[in-house]
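In terms of the numbering used here, the sequence shown is residues 22 to 430. Structure first, then comments.
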Amino acid sequence: MRQWLLLALRNVRRNGRRSLLLGGTIAVGTLALLLFVCYIAASLDGLRESTIRGGLGHAQLAAPGQFDGYAEQQLQFGLDRAAMARLEAALAQETQVRRVVPRVQFSGLVSNGPRTLNFEGSGVMPDRERQAFGAFQSLAEGQPLKATVAGRYQVLIGKEMARRLGVRPGQSITLMTTTAGGSVNAMDLEIAGLVATGVPQSDLYLLQLPLETAQELLRSERISSVALLYQSSEQADAVSARLRQRLGGEFELKTWQQLAPLYSQVLALFRNQFVVFGVVIGMIVFLGVAAMTLTTIYERAREIGTMRAMGIGHGTVRRLFVFEGLLQGALGALAGGLLAFAATLALNAARIELAPPPGRNVGVLLQLLWVPEYGAAVVCALPLVAMLAAWTVSRRIARMPIMQSLSIQ
């Protein structure tokens, strides 16, 4: 085996120009495939973290029926104080739960007098909300909510809502909604700041106010749901499974994948794109190696005839060409992998901003995420494709008569 590998290496070096061309083709294919994989990995990682830390959390807990969306009144399936006490006691036993963020979800109308819009409101505990999700909440103007008496009757609204209402921080707006008992209630609040999520449709309906204020407006002490933030996203599924078993049927747990089905759809889309792109790159490598091997066989016909005349079987000679294809594929894939790693570092350092994706008004940075497992898989797969191509084409050696091979000039 070793001597055949050394002989194959000598043949690769002897045909340096051809080997360089073939290795360059494989390297470019490896580079393109790895950059595409790094872009997909970065996009999925960014989408996952922005979804989780943008306010959704790793999981959410609520009373059965809350997530179905069939409530006839506000907070119909809300958690009362006793249920919240039991829930927080159970969550305190799970060390992987880092943040517990209660919320009150409600809807209604917001008005500045002449204009009225719909809103989707959230009553939050400002300190807990900021500690858990503050890094992903961009404040375009004004101040955040304060967990003090002075901030009790303040509100954050979306930037698009503020534009349509014609209001700014410091001005007052009126919220009107139905209470938990079915009556109508209204409240005047001061605008503390404007939130910009980057999605105009979300900014049009976004409204956030202190939890106690929301409960006062709804005339109820119930909580709609509790968002959970874990220590690690990698352990999220295992932690959610333990919590679901520990809590039993009193509380319903929804993971972030269930609450954000868009992630699974994007994952399936990228997976299909990777398969198609990988097949195209594999075909390019296969055809390139096959063409080079076939040319080499005809150019080295006398060498092949001499080896077979010395008693070396066509299977052994064929093995030599397979080793040459493997070496060329390995060297080209390794060079492409190193180039892809360097390109990943360079592009991340360049901080290139891409155009806003559909539905957003803020551009995104081009980021690539190098995943060693994926890089190793691609670098190992392409040499196997090259070896398969060499093995397929080298079957022609068996059909070359020895005397005819020796007579080729």
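In this text, a Cβ means the ideal position worked out from N, Cα and C, and glycines have one as well.
According to DSSP, simplified to helix, strand and coil, what is A113? coil
In whole angstroms, what separates the C-alpha of T199 from that of Q95? 7 Å
Please say whether R243 and A201 have beta carbons closer to each other than 8 Å? yes
Tell me whether L130 sits in a helix, a strand or coil according to DSSP, three-state version. strand
Looking only at its chain, what residues have a beta carbon closer than 6 Å to the beta carbon of L347, apart from the 5 residues adjacent to it on each side? P404, M408
Between the CA atoms of V122 and V247 - distance to the nearest angstrom: 5 Å
Let me know the secondary structure DSSP gives F140 once reduced to three states. strand
Report yes or no: do the stretch 217-231 and the stretch 173-180 share at least 3 C-beta pairs separated by less than 8 Å? yes
What does the alpha-carbon distance come out to for the pair L389 and L41? 28 Å
Can you list the alpha helix (DSSP H) stretches of 4 or more residues lying completely in the stretch 54-128, in chain order? 102-112
Quick check: what's the CA-CA separation for V13 versus A410? The displayed coordinates of the chain run from 22 to 430. Any statement about residue 13 would go beyond what the structure contains.
Quick one: measure Cβ to Cβ for T317 and N36, integer angstroms, because I've assumed they're closer than 8 Å. 7 Å
Who are the near neighbours of V260 in its chain, counting only those whose CB is closer than 6 Å to its CB and skipping five residues on each side? Q117, Y251
Straight-line CA distance for R69 to G396? 21 Å
Once the 5 residues before and after P190 are set aside, which same chain residues still bring their CB inside 8 Å of it? E162, G163, Q164, I212, A213, G214, L215
When the Cα of L284 is compared with those of R34, L77, L368, which residue comes out closest? Note on residue identity: the sequence assigns Tyr, not Leu, to residue 284. For the residues R34, L77, L368, the minimum Cα distance to Y284 belongs to L77.
Do three or more CB pairs link the stretch 347-360 to the stretch 42-51 at distances below 8 Å? yes
Starting from T276, trace the beta strand (DSSP E) in both directions and tell me its first and last residue. 273-276
DSSP-derived helix/strand/coil call for G179: strand
Mind listing, in chain order, the continuous beta strand (DSSP E) runs of no fewer than 3 residues lying wholly within the stretch 365-411? none
Beta-carbon gap between T195 and A207 smaller than 8 Å: yes
DSSP-derived helix/strand/coil call for M146: coil
Report yes if the CB atom of R185 is closer than 8 Å to the CB atom of R136, and no otherwise. yes
Over what stretch of residues does the beta strand (DSSP E) that includes S246 continue unbroken? 246-251
Continuous alpha helix (DSSP H) stretch holding P221: start and end: 221-226
Rounded to whole angstroms, how far is the Cβ of L108 from the Cβ of G357, which I believe are closer than 8 Å? With a Cβ gap of about 52 Å, L108 and G357 do not count as contacting.
Consult DSSP for Q164 and reduce its assignment to one of helix, strand or coil. coil
Which one of A217, V205, Q97, V392 has the shortest CA to CA distance from F362? V392
Coil, strand or helix - T199 by DSSP: strand
A80 versus A257: straight-line alpha-carbon distance, rounded: 8 Å
Contact belief for V399 with L43 at Cβ below 8 Å, rounded distance in angstroms: At roughly 18 Å, the Cβ-Cβ gap does not stay under 8 Å, so V399 and L43 are not in contact.
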